[in-house]
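One structure is given below, encoded as C-alpha cells.
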Amino acid sequence: MSQSQEKPRRLFNFSELPSKIVVTLVIHILLALTTYLISLFAAIRASYLFKLSHFEMLLLIVAVSLLVLAVIFYFFRHRYAKNIPQFDATFSDFDVIEKEFTHQYLEKEKIIHTRRWKLKALRNGLDNFKDKFFWTGGKWEIKCNKEDHRITPNGNINLYEYYIYHFDRVLKKNDIIEIEVEWVLVGPHKWFMSTPIEEPTERLVLNIIFPLEWNIKKVHKIISTLQASKISDQTEVELKHGNYSWAVKKPKLLHHYELKWALKA
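Note that the sequence shown ends on residue 450 in the working numbering; no numbers are left out.
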C-alpha cells in the first residue's frame, strides 16, 4: 500500500494476549504492587529509626521506589516478552474510513470482484493509491469505476500483482476521496476472499454473493496475523438468500481477514 519513507520503529501490541496470560499477568501485578508497598513502608520506617530529615526521607523513598519499579519492570519484560506479538510500526499516507470488497458469482468460474475505498489524506500532494491483487484462477480484467480516474500496473512481487490507482486531482491534507476498482475473474480458483489491514482502518466490509439456486449455506470468517499462518479466530456463519456481509469496526492493523466457502462440483 501507499507508505512514506520514514524509518519504522518497534512497538508492542498488548491487545492479543491469551486469557490465561492475562490472568497470570494480573496476579503478578498484584504481587508486584504488594512488594512495592511493603518496600515503601520499610523505607518510611527506616527513616524514622535513623532519624532522617524530611528531605533525606524523601530521597530514600524515591530511591527505593525507583529500585523496586526497575526490578518489577525487568521481571515483566523478560517474563512476558515472548508472548507479546511484535510488529514494525506502519506509516501510511491515508487513513481508511471504509474499505469494502465484494465477490459476486455470475458462474462457478466467473466472478465480478469490486473494491471500494473511502480515504482520508494525511498529507498534502497525494494523487494516487497503491494496492495489490492476487487471483488463484486464470484470466482477469481490471478497470476503474470512477470517471477521470485511471489504473496503471506496478509490477509483481511473489504472487501479487501491484497497481497504482490515479485520482482525478491532487489531494490536500484531510481531503476525502472515494475510489472503486472492478475485476472480471475467470477460471477455476480457490474458494476464498481476503484482505490484509495495512493502513489504519475505521470500517471493513467483506461481501459474498452467490446465485440463490446454488443453495450455499455457510461461510467461514477467519482472522489471522499477517506475519504468521496461525489462525487466531475462525467462525462459521449461515447465509441468508445466498448472501453474506461481514462488517468489522476498526479491524486490527497488520491482521488478515478472510471469508472462505465451498462450492459443490
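C-beta atoms are modelled at their ideal positions from N, C-alpha and C, and glycine is treated no differently.
Owing to the predicted nature of the structure, the values given are computational and were not obtained by experimental measurement.
*Would DSSP call residue 439 helix, strand or coil?*
Here residue 439 sits in coil by DSSP.
_Taking 7 Å as the limit between beta carbons, can you name the residues of its chain near residue 423, skipping five residues before and five after?_
Same-chain partners within the cutoff: 402 and 403.
*Where residue 382 sits in the DSSP three-state scheme*: Looking at residue 382 - three-state DSSP - the assignment turns out to be coil, as it is neither helix nor strand.
*residue 407 and residue 428: beta carbons closer than 8 Å?*
Cβ distance not < 8 Å, so residue 407 and residue 428 don't count as in contact.
*Beta bridge counterpart(s) of residue 423 as assigned by DSSP*: Beta-bridge analysis with DSSP links residue 423 to 403.
_Does residue 219 come out as helix, strand or coil in the three-state DSSP assignment?_
It is helical.
*asked:* If the criterion is Cβ atoms closer than 8 Å, does the pair residue 276 and residue 306 meet it?
replied: No, these two residues do not count as a Cβ contact at 8 Å.
*In angstroms, rounded to a whole number, what distance separates the CA positions of residue 385 and residue 302?*
Cα to Cα, the separation comes out at about 13 Å.
*residue 387 lies in the beta strand (DSSP E); which residues open and close that run?*
No beta strand (DSSP E) contains residue 387, which DSSP labels as neither H nor E.
*asked:* Just verifying my parser: in three-state terms, what is the DSSP assignment at residue 274?
replied: When DSSP states are grouped into helix, strand and coil, residue 274 belongs to the coil group.
*Can you name the start and end residues of the beta strand (DSSP E) that residue 299 belongs to?*
Boundaries of the beta strand (DSSP E) harbouring residue 299: 295-306, taken from the DSSP string.
*So, using beta-carbon positions, are residue 231 and residue 245 closer together than 8 Å?*
Contact: yes.
_Exposure label - residue 341; buried when at least 16 CB within 10 Å_ = Exposed, since its Cβ has fewer than 16 Cβ neighbours within 10 Å.
*Determine, using beta carbons only, whether residue 387 and residue 285 come nearer to each other than 8 Å.*
No, the pair does not count as a contact, with Cβ atoms beyond the cut-off.
*Helix, strand or coil for residue 285 per DSSP?*
In the structure shown, residue 285 sits in a strand (DSSP, three-state: E or B).
*Going by beta carbon distance, what residues of the same chain come within less than 8 Å of residue 419, once the five residues before and after it are set aside?*
These residues qualify, in order along the chain: 405, 406, 407 and 408.
*Between the Cα of residue 253 and those of 220, 243, 239 and 237, spot the shortest distance and give me the residue it belongs to.*
Out of 220, 243, 239 and 237, 220 has the C-alpha closest to the C-alpha of residue 253.
_For residue 436, which residues in the same chain have their Cβ closer than 7 Å to its Cβ, ignoring the five residues on either side in sequence?_
Excluding residues within five positions, the ones whose Cβ falls inside 7 Å are 382, 386, 389 and 442.
_Taking its Cβ as the centre, do 16 or more other Cβ atoms sit within 10 Å of residue 300, making it buried, or is it exposed?_
Its Cβ being crowded by 16 or more others within 10 Å, residue 300 is buried.
*Report the residue from 211, 378, 248 and 236 whose alpha carbon sits nearest the alpha carbon of residue 224.*
Here the closest residue by C-alpha is 248.
*Close Cβ partners of residue 369 (< 7 Å) along its chain, the five nearest in sequence each way excluded*: The beta carbon of residue 369 is closer than 7 Å to those of 297, 325 and 326 in its chain, skipping five residues each way along the sequence.
*Quickly, what does DSSP pair residue 313 with across the bridge? List them, please.*
Residue 313 pairs with 351.
*With DSSP as the reference, label residue 240 as helix, strand or coil.*
Residue 240 falls in the helix class under three-state DSSP.
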